[in-house]
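Step one of this worksheet: look at the structure below.
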Amino acid sequence: PVAFDWKDPLGTNNMFTEDELAIAETAESYCQERMQPRVLEAYRHEDYDKKILEEMGELGLLGATIKGYGCAGVSSVASGLITRAVERVDSGYRSGMSVQSSLAMGGIEEFGTEEQKEKFLPGMAKGKILGCFGLTEPNHGSDPGSMETIAKPHPTKKGYYSLSGAKTWITNSPIADVFLVWAKLQETGKIRGFILERSECPPGTLSTPKIGDKNGLRASITGMIQMDEAPVAHEMMLPDIEGLRGPFSCLNSARYGISWGVIGALEDCIDRARTYALERKQFKGNPIAKYQLVQKKLADAATDAAYGIVAATQVGRLKDEGKAAPEMISMIKRQNCDRALVNSRILQEIFGGNAVSDEYHIGRHVANLFVTQTYEGQSDIHALILGRAITGIQAFV
Ligand code: TGC
Ligand code: FAD
């Protein structure tokens, strides 16, 4: 009989091309050798090392699906494998990468002018120019269509708009050089995308305070974008895209990436819980892995992780053929985040009291996975997106 591999229960490696497997191996080696040793200290001290983005840039991991502009141009499945490798270490490191790659670079690539692409993408691909994505506001998270940030003609600078308003919970904002900010254009009341540059903002027009003391995603840096007549040249508005289709199109790629990433985090939990269960002995010297209740926890988690990879691979293949509906992405984002969170919480029990020590890593994953279930559309919001597609009736309002 064929041997069962608990690390790849459904033999999914068979679904990937040789190139994709080679890319995954490069990413896994970098993540385990260079990122894993830093994560504990980074998480303890909420200290995001932005050199990580430069290192990823050197390996071609940023904006990896983009063709040209110094990007690798790999398949969506290969980019998913990269994301899974990064999040196996920490969801915060994946967050920094997702925002740079899918949200900031992805938005400029999909909707930018040729000049905007030439100006920003090569530096962003190398991790030399750092980007962020400002959609959420203090009063509008799940409902970004009600945003208050406004773009008006600049009162003194001809050929410029001024952006005023506040974005919050923005990954990378305190260290970002460029901000893809979504705001309502006063003339039309329609949402437009603006590429705001820190270097173009006079003192007092832009501030990006860090949000500290988080109880999850501590290895990633999060902050606000506070704009008070921040200047943006007319040519830095994304052309030809208005309304929520702009930000949501960027989110399709980021949500797709998360559906891979969270399975990497869950796989790390499975690996650590299995090792612990085999080593820890209770009652007459038996490893706790001998007990049926412990085995069921591992079996459930391994099943959900393997199903998650199959589903993400299928959607990735369809995405590259232009056949992935946004609702498919809602389905895998919601399901994989929910299952990763539920299973990681259950696997945490295997560690007993030691789960409380950060050196066992499991508590960090659990806290992070709560955030992944919340951002880029909280799971219940994705349930409503699916419910709308199934019934034809929207239930948001
Ligand atoms: P709705 O009427 O549904 O749609 C408005 C317009 O947008 C279009 N659209 C999409 N286009 C492309 N892809 C999608 N997935 C799309 N979803 C909608 C739609 O066709 C329509 O276009 P048009 O041309 O007809 O105007 O809008 P709504 O206001 O009713 O939206 C409801 C809802 C709940 C679906 C939506 O607001 C939503 O998804 N809310 C969740 C918000 C969210 O995901 N925020 C994420 C912020 S970014 C982030 O969290 C980054 S964290 C990253 C990290 O650190 O890793
Ligand atoms: P709310 O919208 O207030 O929702 C609270 C709860 O109410 C949720 O459970 C939600 O599902 C539920 N709810 C809301 N409306 C409905 C409804 N109609 N029916 C049923 N239930 C409903 N945003 C960015 O723009 N860029 C970023 O880079 C970014 N990074 C982030 C990083 C971190 C660490 C975090 C925590 C968030 C980040 N976000 C970012 C923001 C994130 O996208 C929002 O937190 C998320 O969209 C939810 O919005 P909210 O927090 O305002 O919650």
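In terms of full-length UniProt numbering, the sequence shown is residues 30 to 426.
No residue lacks a Cβ here, since even glycine has one placed at the ideal position from N, Cα and C.
Q. Sorry if obvious, but does the Cβ on Val128 come closer than 7 Å to a heavy atom of the ligand TGC?
A. Because some heavy atom of the ligand TGC lies under 7 Å away, the Cβ of Val128 counts as near it: yes.
(Q) From the DSSP secondary-structure annotation, give me the bridge partner or partners of Gly92. (A) Partner(s): none; Gly92 has no beta bridge.
Q: State the DSSP-derived secondary structure class of Gly406, mapped to helix, strand or coil.
A: Residue state for Gly406 is assigned as coil, using DSSP reduced to three classes.
(Q) Give me the residue from Thr46, Asp206, Thr200, Ala212 with the minimum Cα distance to Tyr190. (A) Nearest option by C-alpha distance: Ala212.
Q | C-alpha distance - Lys181 paired with Thr234, whole-angstrom precision | A | Between Lys181 and Thr234, the C-alpha separation is close to 14 Å.
Q: Could you please give the first and the last residue of the uninterrupted beta strand (DSSP E) stretch that includes Met253?
A: Taken as a continuous stretch (DSSP letters only), the beta strand (DSSP E) holding Met253 covers 251-262.
Q: Tell me whether Phe162 is buried or exposed, calling it buried when 16 or more other Cβ atoms sit within 10 Å of its Cβ.
A: Answer is buried; the Cβ neighbour count reaches 16.
Q: Ignoring anything shorter than 3 residues or poking outside the segment 206-289, list the beta strand (DSSP E) runs there in chain order.
A: List check, beta strand (DSSP E) in window: 207-214, 220-226, 251-262.
Q | Ala283 CB to nearest heavy atom of the ligand TGC below 7 Å | A | Checking the Cβ of Ala283 against the ligand TGC gives yes.
Q | Nearest residue (CA-CA) to Glu271, options Asp387, Arg113, Gly314, Gly136 | A | Cα-wise, what sits closest to Glu271 is Gly136.
(Q) Give me the residue from Lys80, Ala101, Arg393, Val261 with the minimum Cα distance to Val291. (A) Ranking the options by Cα distance to Val291, first place goes to Arg393.
Q.
If you follow the beta strand (DSSP E) that Ala195 is in, where does it begin and where does it stop?
A. DSSP places Ala195 in the uninterrupted beta strand (DSSP E) bounded by 189-200.
Q. Should Leu246 and Ser127 be called a contact, given that it needs their Cβ atoms to be closer than 8 Å?
A. Remark: C-beta atoms of Leu246 and Ser127 do not approach each other more closely than 8 Å.
Q: Answer yes if the segment 63-77 comes into contact with the segment 89-104, meaning at least three C-beta pairs across the two stretches below 8 Å, and no otherwise.
A: No: fewer than three Cβ pairs fall under 8 Å.
Q | Trp35 and Ala331 closer than 8 Å at C-beta | A | Yes, the pair counts as a contact, with Cβ atoms nearer than the cut-off.
Q | Three-state secondary structure assigned by DSSP to Gly421 | A | Of the three classes helix, strand and coil, the one that applies to Gly421 here is coil, per DSSP.
Q | Cβ-Cβ separation, Gly156 to Ser202 (assumed contact under 8 Å), whole Å | A | Actually they are not in contact, since the Cβ atoms of Ser202 and Gly156 sit about 16 Å apart, beyond 8 Å.
Q: Kindly list the residues whose CB is nearer than 7 Å to the CB of Ser408, restricted to its own chain and excluding five residues on each side of it in sequence; keep chain order.
A: Cβ neighbours of Ser408 beyond the five flanking positions: Arg363, Cys366, Asp367, Gln402.
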